[in-house]
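Residues in the sequence shown are numbered consecutively from 20, following the numbering used here.
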Amino acid sequence: MIRIALYVCPQTVLSSLGMADDAFRLTNQLAGERLFEVIRLSADGLPVDIGCAQLRVAGDLRLADGVDLLLIPATGSAIERTLNGNPELLAWLATRPASQQLASLCSSACLLAASGVLDGRRATTHWSLAGAFRQRFPRVNLQVDELFTEDGNRFCSGGAQAGMDLCLHLIAWHGGDWLAERVAGALVFERGRGRQSRFAPLLPEPLLEDGLIAPLLRWLQQHHAQAIDLQRLAQQANCSTRTLLRRFKAATGLTPNDYLQRLRISAAQSALRNPARSLEQVAAQVGYADRATFAKLFKQLCGETPGAFRKRFNHRLGSAP
């Protein structure tokens, strides 16, 4: 029997905790045996008030010494508050050997990262936290496009429902792929959903308001389909290319060219929702003369081909692809 401890703290997201708890308990029902023993624990063993509920636990972190897997449900987007509120967990994590299985769902990857157990390892978290995570934990190899990551005995999931992708992966790890498929079927959940990048917006929110860059971004919205190079952007912004590169990166987190490509592909996503337009027409509409180049970049940024995106969108609307 595999012993799993779910760590509960005041920052715990109840839906994430319930998702993991339900997945492993359902696995036991479908397997016809008690494959997983699931317990909840807190730092001090006392009930935990998470605002909408008070959660009872089996004990404190000392119980985690005897489990096969410690899983931390999502903890919300306030990284510093989460880190400051869980010093006991961070100290416990820092002493874990490489053989200890540790898993995080969504934003709780920050707790694994802060303890050092993800240093030099692949990890993921919610796509919206990528910038702050990279800045706070530069030694972690963040793969934010992935729905979940596995590196040795360290497991992380992307945002929200990606936690179920990781739970199913862990069920397959311990109980076999056939069992994970049965659980997914019972939950009406699709395994192998691709990458988290399919769900994240391509254009980042501005990191800061820059009076030079903000008008340029608005101009790009109207002219992105034109032939645009760095020199033209600098002329439009009335500054040197060196100044443009520095201030553009500071304002958006991207180079001008990276931003332009993301803007074009974002526009292509909207255009692909019109089934009357061919892929060649969509490519030309957003600024690409070559369909192959467009398709390659689309898949790189979106995690699926333009045709697959169109089919998925039309299927979601209940219309013919």
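Glycine included, C-beta positions come from ideal geometry on N, C-alpha and C.
Taking the alpha carbon of residue i as the point to measure from, which residue in the options has its own alpha carbon closest?
i, options, result
"Ala295", "Arg212, Arg265, Asn333 and Leu263", "Asn333"
"Gly272", "Gln120, Arg237, Asp229 and Ala199", "Asp229"
"Thr94", "Cys125, Leu65, Arg75 and Leu80", "Cys125"
"Pro116", "Ala269, Ala311 and Asp87", "Asp87"
"Thr168", "Arg140, Gly195 and Ile190", "Arg140"
"Ile23", "Ser34, Leu33, Asn47 and Thr31", "Asn47"
"Arg331", "Leu235, Pro234 and Gly213", "Gly213"
"Leu263", "Ala233, Arg281 and Phe208", "Ala233"
"Val57", "Gly37, Gln250 and Gln73", "Gly37"
Count the other C-beta atoms from every protein chain shown that fall within 10 angstroms of the C-beta of residue i, then say buried if there are 16 or more, exposed otherwise.
i, result
"Asp248", "exposed"
"Met20", "exposed"
"Ala224", "Checking the displayed sequence, the identity of residue 224 turns out to be Glu instead of Ala. By the neighbour-count rule (16 or more Cβ atoms within 10 Å), Glu224 is not buried but exposed."
"Pro157", "exposed"
"Ser176", "buried"
"Ala122", "buried"
"Leu161", "buried"
"Ser338", "Unreliable placement is indicated for Ser338, whose pLDDT of 43 sits below 50; no coordinate value is reported for it."
Between which residues of its own chain and residue i is the CB-CB distance below 8 Å, once the five residues before and five after are set aside?
i, result
"Ile98", "Ser126, Cys129, Leu148, Ala151, Phe152 and Arg155"
Could you give the residue range of the alpha helix (DSSP H) that holds residue i?
i, result
"Cys71", "Counting along the chain, Cys71 falls outside any alpha helix (DSSP H), and DSSP gives it neither H nor E."
"Glu107", "Pro106 to Ala113"
"Asp40", "Leu33 to Ala50"
"Arg201", "Asp196 to Ala205"
"Thr284", "Sequence inspection shows Ile at residue 284; the Thr mentioned does not correspond to that position. From DSSP, the alpha helix (DSSP H) with Ile284 extends over Pro275 to Ala290."
"Arg251", "Leu249 to Ala256"
"Thr312", "Arg310 to Cys321"
Can you list, in chain order, the residues of its chain whose CB lies under 7 Å from that of residue i, leaving out five sequence neighbours each side?
i, result
"Pro29", "Val67, Asp68, Ile69 and Gly104"
"Ala39", "Leu25, Leu90, Pro92, Leu124, Gly182 and Cys186"
"Phe19", "One cannot answer for residue 19 here, as it falls past the ends of the chain, which runs 20 to 340."
Once the 5 residues before and after residue i are set aside, which same chain residues still bring their CB inside 6 Å of it?
i, result
"Leu227", "Ala270"
"Tyr307", "Phe313"
"Ala199", "Leu187, Ile190 and Ala191"
"Asp164", "Arg214, Gln215 and Ser216"
For the beta strand (DSSP E) holding residue i, just list the boundary residues, first then last.
i, result
"Gln241", "Here Gln241 belongs to no beta strand (DSSP E); instead the alpha helix (DSSP H) covers Ile232 to His242."
"Glu169", "Phe167 to Asp170"
Discussion item. Within 8 Å, do at least three Cβ pairs link the region 139-151 to the region 212-223?
Written reply: yes
Worksheet item: Within the chosen definition, does the region 318-325 reach the region 256-263 through at least 3 CB pairs nearer than 8 Å?
Response: no
Discussion item. Within 8 Å, do at least three Cβ pairs link the region 74-88 to the region 56-63?
Written reply: yes
Discussion item. Taking contact to mean 3 or more Cβ pairs, one atom from each stretch, closer than 8 Å, check whether the region 285-293 and the region 178-195 are in contact.
Written reply: no
Item to complete: Report yes or no: do the region 281-290 and the region 239-246 share at least 3 C-beta pairs separated by less than 8 Å?
Response: yes
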